[in-house]
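As given, the protein sequences belong to chains A and B, one line each in that order.
Quick note: the first sequence uses the working numbering, first residue 1, plus one each step.
Quick note: the second sequence uses the working numbering, first residue 235, plus one each step.
Idealized CB from N, CA, C, for every residue including glycine.
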Amino acid sequence: MLQLAGVSAGYGSFQALFDVSLDVGAGEAVGVIGPNGAGKTTLMRVISGMLPVRAGRIDLEGRALAGMPAHRVIGEGIAHVPENRRLFPGLTVEENLRMGAYIPSARQHVRERLEWVYELFPRLKERRDQIAGTLSGGEQQMCAIGRALMSKPKILLMDEPSAGLAPLVVQQVFGLVRRIREEGFTVLIVEQNVQQVLEVVDRAYLLEVGRIRLSGSAEELKNNDFVRQAYMGI
Amino acid sequence: MMTIRWPLALLFAVLLLLPLGLQDYLLHMAIQILIWGFVYTGWSVMGRFGQVSLGHGAFLGVGAYTTALLWNNFGLVPWIGIPIGVAFAVLLALVIGYPCFRLKVVGHYFALVTLALSQVVLLSIVAARDITGGSLGMTPNSVGQSSWLALQFTSKMHWYFVALAVWAFGLWVWVKVDRGMGRAAMEAVSEDETAAAAVGINVTREKLRVTVISAAMTAFGGALFGQYQMYLNPETLSGIGVSLQIVFAAIAGGMYSLLGPTVGALLTIALTEGLRIGFGTTLIGAANTIYGILLILFIIFMPRGITGFFGAWTKRRAATAAATT
Ligand SMILES: Nc1ncnc2c1ncn2[C@@H]1O[C@H](COP(=O)(O)OP(=O)(O)O)[C@@H](O)[C@H]1O
Ligand SMILES: [Mg+2]
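1) Report the three-state DSSP secondary structure of M236 of chain B (helix, strand or coil).
2) So with CB distances below 8 Å, who are the chain A contacts of A546 of chain B?
3) So which residues of chain B does M50 of chain A contact, with C-beta pairs closer than 9 Å?
4) Using CA coordinates, which residue listed in B:V273, B:L509 and B:I265 is at the minimum distance from A453 of chain B?
5) Keeping to the same chain, check which residues put their C-beta closer than 6 Å to that of G10 of chain A; ignore five residues upstream and five downstream.
6) Just grab the DSSP bridge partners of S215 of chain A for me.
7) Taking Cβ positions, are L43 of chain A and L156 of chain A nearer each other than 9 Å?
8) Output the boundary residues of the alpha helix (DSSP H) element that contains S448 of chain B.
9) Since P69 of chain A and G49 of chain A are thought to touch, with beta carbons under 8 Å apart, how far apart are those beta carbons, to the nearest angstrom?
10) Heavy atom of ligand 1 less than 8 Å from the Cβ of R341 of chain B, yes or no?
11) With a threshold of 16 other CB atoms inside 10 Å of the CB of I365 of chain B, please say whether the residue is buried or exposed.
12) Counting C-beta neighbours from all protein chains within 10 Å, is the total for M235 of chain B 16 or more, i.e. buried, or is it exposed?
13) For the alpha helix (DSSP H) that T275 of chain B lies in, which residues bound it at each end?
14) Which residues of chain B have a Cβ atom closer than 8 Å to the Cβ of I74 of chain A, listed in chain order?
15) Tell me the start and end of each unbroken beta strand (DSSP E) in the stretch 39-66 of chain A that is at least 3 residues and wholly inside, in chain order.
16) For L385 of chain B, collect the residues of the same chain with a Cβ closer than 6 Å to its Cβ; drop the 5 residues on either side in sequence, then sort them by chain order.
17) Please confirm whether H71 of chain A has its beta-carbon closer than 9 Å to some beta-carbon of chain B.
18) Of the choices A:V93, A:V201 and A:S8, whose alpha-carbon is the least far from that of V53 of chain A?
19) So does V190 of chain A have its beta carbon nearer than 8 Å to some heavy atom of ligand 1?
20) Throw me the rounded Cβ distance for the I47 of chain A and I58 of chain A pair, which I believe falls under 8 Å.
21) Are the beta-carbon atoms of M372 of chain B and Y465 of chain B separated by less than 9 Å?
22) So what does DSSP say about Y11 of chain A, is it helix, strand or coil?
23) Looking at the structure shown, is A484 of chain B part of a helix, part of a strand, or coil, going by DSSP?
24) Tell me, to the nearest whole angstrom, how far the beta carbon of V30 of chain A is from that of V24 of chain A; I am working on the premise that it is less than 8 Å.
25) Using 8 Å as the threshold, is the stretch 470-479 of chain B in touch with the stretch 351-359 of chain B, meaning 3 or more CB pairs across them?
26) If you check the beta carbons only, do L124 of chain A and E139 of chain A fall under 9 Å apart?
27) Where DSSP assigns a beta bridge to I33 of chain A, which residues make up the other side?
28) At the level of alpha carbons, what is the spacing between I145 of chain A and L120 of chain A?
29) Give the range of the alpha helix (DSSP H) segment to which A79 of chain A is assigned.
30) Rank A:A218, A:L135 and A:L97 by C-alpha distance to the C-alpha of Y118 of chain A and give the top, closest one.
31) Report the residues of the stretch 81-109 of chain A with a CB closer than 7 Å to any CB of chain B, ordered along the chain.
32) Nearest-angstrom Cα distance between A302 of chain B and G494 of chain B?
33) Three Cβ pairs or more, each shorter than 8 Å: is that satisfied between the stretch 130-138 of chain A and the stretch 168-181 of chain A?
34) Give me the pocket residues for ligand 1, defined as CB within less than 6 Å of any heavy atom, sorted by chain position.
35) Are the CB atoms of L458 of chain B and I561 of chain B within a distance shorter than 9 Å?
Following this line, the structure appears as structure tokens:
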């Protein structure tokens with residue numbers, strides 16, 4: 001469904017991604033793991049059009065995305081839950097969700113999508129009139145995911161949904177990810193929490209200093225000695 | 235909606251009848267309040283979304299000088315000169331805004347760019363003294379009588395109604411922006427640009443849109459003020475001084491409410507006149523210092539301006555009244 005081939009990107013003279021290739025099949029959940037500064041966020045930003053591609057191809061169902069500006073990419077069916085959630089802190093939960101359906105193709109479906117997101121996450125319905133900035137960390141993540149779902153994307157990009165959350169809340173957030181999978185969504189998720197993410201994805205890639213170092217099924221990576229030593233502390 | 239319509243209709247009725255009872259001096263004050271109220275409203279069209287420009291004097295100057303120069307040198311009437319001046323201001327806004335917004339020059343950095351812009355326009359006007367009269371200013375050629383074509387009126391009453399119409403137009407634009415789809419987008423942008431981009435908002439375009447509207451209104455107001463005064467001075471129509479005055483008035487009056495910028499105009503005109511009458515020429519230039527100090531006080535104690543402050547206050551009173559009955 002989503003394919004990256006030989007993608008390079010960077011900031012100014014600094015190159016952050018080198019020749020990255022990966023693919024995500026329809027209905028699959030794929031993880032990208034790697035240490036801080038590996039280029040995971042950069043990868044997500046390149047896919048969603050927030051950062052230009054320097055070389056390589058990005059295709060969604062055969063349509064070329066490279067070079068498309070961010071506000072068009074989302075219309076193609078890619079929704080991005082950015083790092084650190086990035087809610088509109090001064091708006092209410094419902095206003096945040098509504099903004100998620102900003103693109104023209106989603107606007108006419110706001111009502112039904114709201115109902116659907118509220119059904120998926122009843123907690124958000126309870127909090128619909130609360131200012132998003134005052135939600136707890138886990139609720140904010142829920143709201144950010146709900147906002148992304150409002151555009152009914154073909155694929156959901158999640159950038160470290162568990163970052164900065166208490167262990168118990170991390171469990172809940174991975175629960176949300178699992179729910180979204182069960183709903184049939186295709187997911188590409190970036191995480192530093194390797195142990196947890198390998199429990200919810202089908203396959204994963206290991207990114208180190210801008211390059212894909214390893215890839216394989218979740219099982220393979222869980223049993224890979226290098227991954228176990230370097231990232232799971234076993 | 236009804237709650238805002240009624241008082242507004244009443245206000246308009248009063249404003250339509252007002253000039254009948256005013257002498258020329260007060261009429262002069264009223265005209266200035268309306269024209270500057272229009273300019274400040276224009277500033278707040280972008281300011282309310284956190285796009286703080288410290289350089290709106292640039293647009294003021296471009297509008298006023300283009301109109302006057304085209305009239306004096308080519309005999310082009312303001313009906314053509316003002317649209318051209320507004321077009322130049324829009325072009326300038328695009329030339330500055332597009333790279334800033336694309337390269338994510340935001341917040342303080344954007345404010346500094348605009349501040350520099352206003353000074354560049356001031357210096358350009360002064361440097362082109364052969365045609366603009368430099369720092370001595372310039373006078374549009376007078377036709378010696380009231381003329382709609384030349385947009386020159388000997389009677390203040392005429393000017394009052396022209397200014398009133400333009401001011402009302404400014405309020406209409408403000409409401410349009412307030413109720414449009416772009417408002418939600420700009421509110422999202424002002425909250426978090428990255429998040430706004432992530433939900434599919436074309437951040438650059440939305441910011442350019444309000445910037446262009448704001449610049450156009452400001453240039454229009456500048457041109458009108460030049461016509462009214464029949465005198466253009468680079469210090470009063472461009473540069474840092476007037477730019478800061480615009481910011482002060484919009485913030486002090488309250489940029490989040492329809493009439494806030496107009497209240498700001500009332501305040502600045504009253505302050506300027508008060509200083510002039512109270513201290514004569516000894517305090518010339520003191521106005522800017524006072525604006526600066528007041529601005530700091532407003533930002534600290536009344537960030538939503540006078541109208542915002544009293545709006546919240548009346549709401550609280552109504553709430554406590556409702557709670558106690
Ligand atoms: N806006 C930026 N400007 C310059 N360098 C950046 C920027 N954002 C990230 N980088 C650099 O790019 C590299 C990858 O960063 P990032 O993609 O955020 O990594 P990760 O998400 O895996 O922690 C890091 O070395 C980081 O310092
Ligand atoms: Mg990151």
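A quick look at the data gives this:
1) Within the second sequence, residue 236 of chain B is the residue found at index 2, counting from 1. Per-residue confidence for M236 of chain B stands at a pLDDT of 45, beneath the threshold of 50, marking its modelled position as unreliable; the derived number appears in the next sentence. Helix, per DSSP.
2) Counted from its first residue, the second sequence places residue 546 of chain B at position 312. Here the premise fails: no neighbours, minimum Cβ distance about 16 Å.
3) Counting from 1 along the first sequence, the entry for residue 50 of chain A is found at position 50. Neighbours of M50 of chain A on chain B, chain order: T428, A431 and A432.
4) Reading the second sequence from its first residue, position 219 is the one you call residue 453 of chain B. Among B:V273, B:L509 and B:I265, the Cα nearest to that of A453 of chain B is on B:V273.
5) To locate residue 10 of chain A, count along the first sequence from 1; it is residue 10. The residues are A16.
6) Walking along the first sequence from the start, residue 215 of chain A turns up at place 215. Bridge partners of S215 of chain A: A:Y205.
7) Residue 43 of chain A sits at position 43 when you count from the first residue of the first sequence. Residue 156 of chain A sits at position 156 when you count from the first residue of the first sequence. No, Cβ-Cβ distance for L43 of chain A and L156 of chain A is not below 9 Å.
8) Position 214 of the second sequence, counting from 1, holds the residue named residue 448 of chain B. It spans V437 to Q463 - the alpha helix (DSSP H) in which S448 of chain B sits, taken as one unbroken run.
9) Locating residue 69 of chain A in the first sequence gives position 69, counting from the first residue. Locating residue 49 of chain A in the first sequence gives position 49, counting from the first residue. Contact flag correct, Cβ pair sits at about 6 Å.
10) One-based indexing of the second sequence puts residue 341 of chain B at position 107. As written in the sequence, residue 341 of chain B is Gly, which differs from the Arg given in the question. False, no ligand heavy atom lies under 8 Å from that Cβ.
11) Residue mapping note: residue 365 of chain B aligns to position 131 of the second sequence, counting from 1. I365 of chain B should be labelled exposed.
12) Counted from its first residue, the second sequence places residue 235 of chain B at position 1. Its pLDDT being 45, under 50, M235 of chain B is placed unreliably by the model, and nothing is read from it.
13) As a working note, residue 275 of chain B is residue 41 in the second sequence. First-last of the alpha helix (DSSP H) with T275 of chain B: D258 to G281.
14) Here the question's residue 74 of chain A lines up with position 74 in the first sequence. Going along chain B in sequence order, the residues near I74 of chain A (Cβ under 8 Å) are A432, V433 and G434.
15) 55-60
16) By one-based count along the second sequence, residue 385 of chain B stands at place 151. Cβ neighbours of L385 of chain B beyond the five flanking positions: P312 and Q461.
17) The sequence position of residue 71 of chain A within the first sequence is 71, counting from 1. By this cut-off, H71 of chain A is an interface position.
18) Residue numbering aside, residue 53 of chain A sits at position 53 when the first sequence is read from its first letter. Answer by Cα proximity: A:S8.
19) To locate residue 190 of chain A, count along the first sequence from 1; it is residue 190. True, at least one ligand heavy atom lies under 8 Å from that Cβ.
20) Indexing the first sequence from 1 puts residue 47 of chain A at position 47. Indexing the first sequence from 1 puts residue 58 of chain A at position 58. Between I58 of chain A and I47 of chain A the Cβ distance is about 6 Å, and since that is below 8 Å, they are a contact.
21) For the purposes of this step, residue 372 of chain B is taken as residue 138 along the second sequence, with counting starting at 1. For the purposes of this step, residue 465 of chain B is taken as residue 231 along the second sequence, with counting starting at 1. A contact, by the Cβ cut-off of 9 Å.
22) Sequence index remark: in the first sequence, residue 11 of chain A carries index 11 (1-based). If DSSP states are grouped into helix, strand and coil, Y11 of chain A belongs with the strands.
23) Numbered from 1 along the second sequence, position 250 holds the residue referred to as residue 484 of chain B. If DSSP states are grouped into helix, strand and coil, A484 of chain B belongs with the helices.
24) Here residue 30 of chain A is taken as the residue at index 30 of the first sequence, counted from 1. Here residue 24 of chain A is taken as the residue at index 24 of the first sequence, counted from 1. Confirmed, Cβ separation roughly 5 Å.
25) yes
26) Sequence index remark: in the first sequence, residue 124 of chain A carries index 124 (1-based). Sequence index remark: in the first sequence, residue 139 of chain A carries index 139 (1-based). Yes, Cβ-Cβ distance for L124 of chain A and E139 of chain A is below 9 Å.
27) Taking the first sequence and counting its residues from 1, one reaches residue 33 of chain A at position 33. Paired residue(s): A:E191 and A:L206.
28) Position 145 of the first sequence, counted from the first residue, corresponds to residue 145 of chain A. Position 120 of the first sequence, counted from the first residue, corresponds to residue 120 of chain A. If I take the Cα positions, the gap works out to 11 Å.
29) As a working note, residue 79 of chain A is residue 79 in the first sequence. Counting along the chain, A79 of chain A falls outside any alpha helix (DSSP H), though it belongs to the beta strand (DSSP E) covering I78 to V81.
30) Counting from one through the first sequence, the residue named residue 118 of chain A turns up at place 118. Closest option to Y118 of chain A, Cα to Cα, is A:L97.
31) P82, R86, L87, F88, P89, G90, L91, M99, G100, Y102 and I103
32) On the second sequence, position 68 is the one that residue 302 of chain B refers to. On the second sequence, position 260 is the one that residue 494 of chain B refers to. Approximately 30 Å between the Cα atoms of the pair.
33) yes
34) A:Y11, A:F14, A:A16, A:G34, A:N36, A:G37, A:A38, A:G39, A:K40, A:T41 and A:T42
35) Because chain B is modelled from 235 through 559, residue 561 of chain B falls outside the range shown and cannot be assessed.
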